[in-house]
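Peer 1: Numbering (our numbering), first residue to last: 66 to 235. My questions all concern the structure below.
Shown next, in the form of structure tokens:
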């Protein structure tokens, strides 16, 4: 099925009567429609696939996330759920983008993570108000930079600017 087919395709109107589980990709905010119909979002799938195909290495301590829309939020959520390598790790995630909604929805992060300061003993989430372009020292020491803007041309623009000014290893 195509994106949002459940809501616009007349062939999909009786799916709830089928004796099977139905999964459909959507941009709608709902996770389910009726008992057997479930939705998944493309940005959630992207985040899951990213961390599955590019798992965090034990040598990586500084991760930079540029862009904090739907894709950036899901990349970070999936990272903090799956990137647990050992009890001794202390990964610092540096996030560039508007995090106000994310922080209000995740009001208990401070119980598990060091917020807005790097810790030597636990994982850290540092939300930057300044522009990523103003943090050259951070970009130079980053073990991984993830560009995840919701606007694809903007993401390519960031990639080419990073590629022009910094050494990038793929």
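Where a beta carbon is used, it is the ideal one built from N, C-alpha and C, also for glycine.
Along the alpha helix (DSSP H) that carries residue 223, what are the first and last residues, could you check?
Peer 2: Locating residue 223 in the chain shown gives position 158, where the first residue counts as 1. First-last of the alpha helix (DSSP H) with residue 223: 217 to 230.
Peer 1: Straight-line CA distance for residue 175 to residue 146?
Peer 2: Here the question's residue 175 lines up with position 110 in the chain shown. Here the question's residue 146 lines up with position 81 in the chain shown. When rounded, the distance between both Cα atoms is 15 Å.
Peer 1: Straight-line CA distance for residue 208 to residue 159?
Peer 2: The residue given as residue 208 occupies position 143 in the chain shown. The residue given as residue 159 occupies position 94 in the chain shown. Taking the straight line joining both Cα atoms gives about 11 Å.
Peer 1: For a quick check, are the C-beta atoms of residue 112 and residue 143 less than 8 Å apart?
Peer 2: In the chain shown, residue 112 corresponds to position 47, counting from 1. In the chain shown, residue 143 corresponds to position 78, counting from 1. Yes, the Cβ-Cβ distance between residue 112 and residue 143 is below 8 Å.
Peer 1: Using 10 angstroms around the beta-carbon of residue 230, count the other beta-carbons present and answer buried if the total reaches 16, otherwise exposed.
Peer 2: Here residue 230 refers to the residue found at position 165 when the chain shown is read from its first residue. Its Cβ having fewer than 16 others within 10 Å, residue 230 is exposed.
Peer 1: Return the bridge partner residues of residue 158 from the DSSP annotation.
Peer 2: Position 93 of the chain shown, counted from the first residue, corresponds to residue 158. Answer by DSSP bridge pairing, in chain order: 128, 190.
Peer 1: Excluding sequence positions up to five away, which residues of its chain have a Cβ less than 7 Å from the Cβ of residue 212?
Peer 2: Looking up residue 212 in the chain shown gives position 147. These residues qualify, in order along the chain: 131, 132, 220, 223, 224.
Peer 1: Please say whether residue 197 and residue 161 have beta carbons closer to each other than 8 Å?
Peer 2: Sequence index remark: in the chain shown, residue 161 carries index 96 (1-based). Sequence index remark: in the chain shown, residue 197 carries index 132 (1-based). Yes, Cβ-Cβ distance for residue 161 and residue 197 is below 8 Å.
Peer 1: Starting from the C-beta of residue 109, find all residues in its chain whose C-beta is less than 7 Å away, skip the five residues before and the five after it, and write them out in chain order.
Peer 2: Within the chain shown, residue 109 is the residue found at index 44, counting from 1. Hits under 7 Å: 139.
Peer 1: Using the three-state DSSP reduction, which class does residue 180 fall into: helix, strand or coil?
Peer 2: The residue labelled residue 180 in the question sits at position 115 within the chain shown. In the structure shown, residue 180 sits in a strand (DSSP, three-state: E or B).
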